[in-house]
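Q: Pasting a structure below so you can have a look.
Residue numbers (this note's numbering): 12 to 182.
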């Protein structure tokens, strides 16, 4: 599959978590040959952190870039992944969610079993112990950092070299 074809695809399969393939939604294909992908479904429920609302110090960031990264992707898949904001696996920011999903219905998310979810973003909510999140109805709001019911919907940044490896997924 060539890069031009990849840009026309809405969903790709890459990695596996808890025995299920991970489907990724294409958010942006840059002409330089980079792909920004968001997981189609929420993958897990985790707290953001016990003490900090700062992404760079959060246990959720550590989990995504260690445990999740190691378990979910093969060595070949990892070889296509590029750092995005310093991480191999990341979350969207409040600015990015507004850019890629301007309306509330577009922001609504589920797990693969169709259970609705609210999900974490990496932006902190100023002067509080809260983090910005996307609520069930797609509203951008905030939640206390240690709620364990927050869903994880990661993003990854891939090199265009992945085009030889990917197959489109019908959704």
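Where is the CB? At the ideal position from N, CA and C, for every residue including glycine.
Which two residues bound the contiguous beta strand (DSSP E) that contains residue 45?
A: 45-50
Q: Less than 8 Å between the CB of residue 76 and some heavy atom of the ligand FAD, yes or no?
A: Here there are no bound small molecules, and the ligand FAD is not part of this structure.
Q: Are residue 28 and residue 82 touching if we call contact CB-CB under 9 Å?
A: yes
Q: Give the DSSP bridge partners of residue 76, in chain order.
A: DSSP, once it has assigned bridges, lists no residue as partnering residue 76.
Q: Cutting at 8 Å between CB atoms, please list the residues of its own chain near residue 98, excluding the five before and the five after it.
A: 72, 75, 76
Q: Name the two residues that bound the continuous alpha helix (DSSP H) containing residue 111.
A: 105-111
Q: With distances taken from CA atoms, which of 36, 95, 157 is nearest residue 56?
A: Of the candidates 36, 95, 157, the one whose C-alpha sits nearest the C-alpha of residue 56 is 157.
Q: Could you tell me the distance, in whole angstroms, from the CA atom of residue 18 to the CA atom of residue 171?
A: Bear in mind that a pLDDT of 48 at residue 18, under 50, signals an unreliable position, so the model cannot answer this.
Q: Ignore the nearest five residues each way along the sequence and tell me which others in residue 140's own chain have a CB closer than 7 Å to its CB.
A: Around residue 140: 64, 155, 156.
Q: Might you give, ordered along the chain, the residues of its own chain that have their beta carbon closer than 6 Å to the beta carbon of residue 133, omitting 5 neighbours on each side?
A: 66, 102, 104
Q: Express the C-alpha separation of residue 38 and residue 110 in angstroms, rounding to a whole number.
A: 10 Å
Q: Spatial neighbours of residue 112 within its chain, please: CB distance less than 7 Å, with the 5 preceding and 5 following residues excluded, ordered by chain position.
A: 118
Q: Within a Cβ cutoff of 7 Å, which residues of the same chain sit near residue 136, ignoring the five residues on either side of it in sequence?
A: 64, 142, 143, 153
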